[in-house]
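Colleague: Dropping a structure here in structure tokens format, bear with me for questions.
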Amino acid sequence: MALRLFLKVGDTVEHLRYPHWGRGEVVEEQHSVLAGGFCLVRVRFDDDVERTFINDLDNECCCYFSGIRTVDIFKKKMKLFP
59 MALRLFLKVG DTVEHLRYPH WGRGEVVEEQ HSVLAGGFCL VRVRFDDDVE
109 RTFINDLDNE CCCYFSGIRT VDIFKKKMKL FP
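Given below as structure tokens:
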């Protein structure tokens with residue numbers, strides 16, 4: 059079964075529950091080679107802190123379900139779903 063990934067390197071994001079973090083950019087993706095392993099992304103936010111999130115939409119702890127949303131910086135609108 060193919061992974062359903064939400065974010066990729068270079069995406070601009072915001073967190074709905076923590077707007078004081080500012081915008082963030084995905085700087086790294088990590089994929090497990092083991093079955094059932096995690097797919098992670100590392101995001102650097104405007105507050106200069108890197109935070110790591112689960113990136114698999116099939117996982118109930120995916121960053122999408124915790125409040126991360128991609129931002130279209132050209133239209134300045136938030137995309138609600140990938």
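When you read off a place in the sequence shown, starting at 1, and then add 58, the result is the number in the numbering used here. Even for Gly, the Cβ is constructed at its ideal location relative to N, Cα and C. No experiment lies behind these values; they were computed from the predicted model shown.
For the putative contact between N113 and E87, defined by C-beta atoms under 8 angstroms, what is the C-beta separation to the nearest angstrom?
Modeller: That belief holds up - the Cβ atoms of N113 and E87 are roughly 7 angstroms apart, short of 8 angstroms.
Colleague: Taking R81 and V67 to be in contact with their CB atoms under 8 angstroms, please state how far apart those CB atoms are, rounded to whole angstroms.
Modeller: R81 to V67, Cβ: 15 angstroms. No contact.
Colleague: Which residues does DSSP pair with V71 in a beta bridge?
Modeller: V71 pairs with G82 and T128.
Colleague: Based on DSSP bridge pairs, tell me the residues matched to E108.
Modeller: According to DSSP, E108 bridges with R102.
Colleague: DSSP three-state call for C121: helix, strand or coil?
Modeller: In the structure shown, C121 sits in a helix (DSSP, three-state: H, G or I).
Colleague: State the Cα-Cα distance for the pair H73 and C121, rounded to the nearest angstrom.
Modeller: Rounded to whole angstroms, H73 to C121 spans 9 angstroms at the Cα level.
Colleague: What residues in its chain sit with their C-beta under 7 angstroms from that of L61, if we drop five residues either side in the sequence?
Modeller: Within the same chain, L61 has close Cβ partners C97 and D114.
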